[in-house]
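Below is one structure; the comments refer to it alone.
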Amino acid sequence: METSRAAAAQADAIKMFSYGVFTKLEGAVTAGMIHLGDRLGLYTFLAQNSNVTSKEIADGCGLHERWVREWAYNQAAAHLLTSHTSADGEVLFGLSDEAVAVLATPEHPAYGMGMFHRLPQTMRSLDDMPTAFRTGLGLDYDSHGPEGAVGIERSFEPWNQAFLLPVVVPAVEGLHERLSEGASVVDIGCGAGGAAMLLAQTFPKSNFVGYDISQFALERARERQSERSLSNISFVDPRTSPIVQDGSVDFVMTFDCIHDMTHPQQMMQTIRRALRDDGVWLLVDIKALDGLDQNMAKNPMASLMYGISILSCMSSAMSSSDGAGLGTLGLSAARAQEMAESAGFTRFRQLDIDHSVNAFYEVRP
Ligand SMILES: C[S@@+](CC[C@H](N)C(=O)[O-])C[C@H]1O[C@@H](n2cnc3c(N)ncnc32)[C@H](O)[C@@H]1O
């Protein structure tokens, strides 16, 4: 049956389809090369040195020239590095200004190396997937090891560092005043704690608790907290130090984590019970739309996101046998509002904040 269907395929259609398939492989392999460029300091060197030979790059980074040359050829062929041949026949490599921003400037909001940092851990989970597909049981964030937590930190911090204070805080009604006067703040799914620490540093009269179930993320958060000598923040695991349920919290924030949770509806109820009646929840989650057709039509990164969902987000959300399994594109605005309302919230407003992948909601009791 399959043989006759394959035999019926048009040669040109096969060629086009194969091209599409192998373009995915080209992307995957080049993504691995981007990981190496970041990890080995190649982009940092190239950001500081223009028009350099593979020998100069290798010497500057303490690496073997033959390997660096092949890497640079891959990167030039993928149009990530610039390349041209000099009059004396040397190939010279460099980075455009935009490549410096995305590949080599951790302070730039468009810096993109976080997802590539954790690429080996993310791809390694392919080995666990056949079992997960059979049993239904996924793996939480700690299955990606300590470097997985660092990758998450490097993914989200550049944007947060640039925009949290000047854009996000002022967008939430009354938040700046409240944080300045001294508020009780909870960051759930805090990861390595960058967002909470930035606010804790800026608003010393407020008190912060970051909650996460990842031991690697908590360790990293505590390490960074002690480097910064911050005393108005702590980081704990909600399974051993449960989130307060006495309506005393002024502000709850959740950044890119509700869709990763096994029990997002219960978490929303927990957030409602934690909050004062005049408190506010800042829900930040992926800009998902309702259903496959809409996501395919409007999101050019939909296939990447569904894939990451399997390897990371949905896997986490299925890491208990009764996990809800929302996954990367599982929490659209409509769904989030419906779930928030059934958890007892009455006001739900999408904030006018421009972000490449996230939507921001102000949610109130
Ligand atoms: C994509 S990361 C986002 C981390 C952080 N908010 C950031 O923006 O960098 C999702 C985080 O949610 C955490 N998480 C998943 N389920 C959780 C739960 N039930 N309670 C607390 N944290 C949870 C994971 O361990 C992971 O650190």
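Note that the sequence shown covers residues 0 to 364 in numbering that gives the first Met the number 0. Just so it is clear, CB atoms sit at the ideal spot from N, CA and C, and this is done for glycine as well. All figures in this text were calculated on a predicted structure; none of them were measured in a lab.
Contact annotation: Ile187 and Phe207 have beta-carbon atoms that are not nearer than 7 Å.
Judged by beta-carbon spacing, Gly190 lies within the 7 Å limit of Ile151, meaning their Cβ atoms are closer than that value.
Of the candidates Asp351, Glu222, Arg363, Ser355, the residue whose Cα lies closest to the Cα of Val166 is Asp351. With contact defined as three or more Cβ pairs closer than 8 Å, the segment 236-253 and the segment 178-187 are in contact. Per DSSP, reduced to three states, the secondary structure at His83 is strand.
Annotated three-state conformation of Asn159 is helix, per DSSP.
Distance from the Cα of Phe234 is smallest, within the candidate group Leu91, Phe254, Asp211, Lys286, for Asp211. Nearest C-alpha to Cys256 among His34, Ser95, Gly324: Gly324. Inclusion of Pro364 and Asp245 in the CB contact set at 7 Å is not warranted, their separation being larger than that value.
Proximity of the beta carbon of Gly190 to ligand 1 is indicated: a heavy atom of the ligand is located closer than 6 Å. According to the DSSP secondary-structure assignment, Gln349 is paired through a beta bridge with Tyr360.
In the displayed model, Val51 falls within a strand according to three-state DSSP. Counting only the Cα atoms, Asp126 lies some 35 Å from Ile270. Cβ-Cβ separation between Leu288 and Asn298: approximately 7 Å, consistent with a contact (criterion under 8 Å). Relative to the non-hydrogen atoms of ligand 1, the Cβ of Ser213 comes within a distance shorter than 6 Å of at least one. When the alpha-carbon of Gly31 is set against those of Trp70, Ala5, Ala75, the nearest one is in Trp70. The closest CA to that of Arg334, considering only Ala6, Gly59, Ile285, is found on Ile285. Secondary structure at Asp141: helix, using DSSP grouped into helix, strand and coil. When the Cα atoms are used, Asp141 and Met313 turn out to be separated by approximately 14 Å. Going by DSSP, Met252 is part of no alpha helix (DSSP H) but of the beta strand (DSSP E) stretching over 248-254. Taking 3 residues as the minimum length, the beta strand (DSSP E) runs contained wholly in the segment 146-217 are 183-187, 206-210, in order along the chain. Pairing Val51 with Phe92 gives a Cβ-Cβ distance under 7 Å.
The closest CA to that of Leu198, considering only Leu217, Glu218, Pro169, Ala216, is found on Pro169. In the DSSP assignment, Val90 falls within the beta strand (DSSP E) that extends over 90-93. With contacts defined by Cβ atoms closer than 7 Å, Thr239 and Gly322 do not form a contacting pair. Approximately 4 Å separates the beta-carbon atoms of Pro108 and Ala161; this is inside 8 Å, confirming the contact. As a beta-bridge residue in DSSP terms, Phe234 pairs with Gly209. For Asp37, the enclosing alpha helix (DSSP H) stretches over residues 10-38.
Put simply, the segment 31-50 touches the segment 101-117. At least three CB pairs are less than 8 Å apart. Taking the CA atoms as reference points, Pro157 sits about 44 Å from Asp11.
Set against 6 Å, the gap from the CB of Ile151 to the closest heavy atom of ligand 1 is smaller.
Taking C-alpha positions only, Met15 is separated from Val90 by approximately 33 Å. With a cutoff of 6 Å, Cys60 does not count as near ligand 1, since its C-beta is closer than that to no heavy atom of the ligand. In this structure, the alpha-carbon of Leu24 lies about 40 Å from that of Arg348.
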